[in-house]
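Engineer:
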Ligand SMILES: N[C@@H](CCC(=O)N[C@@H](CS)C(=O)NCC(=O)O)C(=O)O
């Protein structure tokens, strides 16, 4: 049995959870928060979440985990069969994560967790995020899925990260920068929200946000 460790608030956790659900792989969830506790470091080398426990051992780094799931559970593939199309999916994934989400992530402390971020960081993140989003606008297809007419791994990554990119930029800059630069994201989100697996991930995340607010 596979155990997905982390929390439903984490976009990196949610990308794996969505892939597990879409590929109809049986799994259980274990609520784990990131920390430097030696017991956690023995399972996740940097004390980060998510990580995956499998019968063969533990895996960290969400993208590595997705590649493992794709290689090991082939019944429902989430990458196209052609090498070039697969590479285009991975290009989208890398672009969303490295050129957008990793910048926006620097805002989360203030956007979601009651901390604060300097004006200098906000300006730097804005510049890099806008560059990344203009680049993404040149890559997306939305016909109706992000890389074409088939739902792929790249859509799973988009579901997980778009929500955070939209919410954090709305909170910090007073405008959802994703939507402002790529307006078709609105219809794309509606298409994705029709999927049961996406609905489950969104509902679990909302439930956890609610539980945190009631604390
Ligand atoms: N590159 C990692 C990123 C994972 C990550 O940043 N996880 C966050 C939660 S969403 C975390 O554990 N943060 C705690 C920390 O950085 O110490 C992956 O793809 O799995």
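Residue numbers (our numbering): 13 to 227. Glycine included, every Cβ here is placed at the ideal spot set by N, Cα and C.
Assuming residue 160 and residue 107 are in contact, meaning their beta carbons sit under 8 Å apart, how far apart are those beta carbons, in whole angstroms?
Structural biologist: No, residue 160 and residue 107 are not in contact; Cβ-Cβ is about 16 Å, not under 8 Å.
Engineer: From residue 196 to residue 154, what distance separates their C-alpha atoms?
Structural biologist: If you take the alpha carbons of residue 196 and residue 154, they lie about 8 Å apart.
Engineer: Taking the C-alpha atoms as reference points, what is the distance between residue 175 and residue 50?
Structural biologist: If I take the Cα positions, the gap works out to 32 Å.
Engineer: Quick one, which of 80, 122, 69 has its alpha-carbon nearest residue 31's?
Structural biologist: Of the candidates 80, 122, 69, the one whose C-alpha sits nearest the C-alpha of residue 31 is 80.
Engineer: Considering only residues of the same chain and omitting the five flanking positions on each side of residue 34, which have a CB-CB separation below 6 Å?
Structural biologist: Once the five neighbours on either side are set aside, the close Cβ partners of residue 34 are 209.
Engineer: Measuring CA to CA, which of 221, 87, 205 is closest to residue 157?
Structural biologist: Measuring from the Cα of residue 157, the nearest candidate turns out to be 205.
Engineer: Smallest Cα separation from residue 120: which of 169, 110, 177?
Structural biologist: For residue 120, the nearest C-alpha among the options comes from 177.
Engineer: Is the stretch 135-144 close to the stretch 73-87, with three or more CB pairs under 8 Å?
Structural biologist: Segments in contact, no.
Engineer: Comparing alpha-carbon positions, which option in 182, 215, 151, 73 lies nearest residue 101?
Structural biologist: Of 182, 215, 151, 73, the residue nearest in Cα terms is 151.
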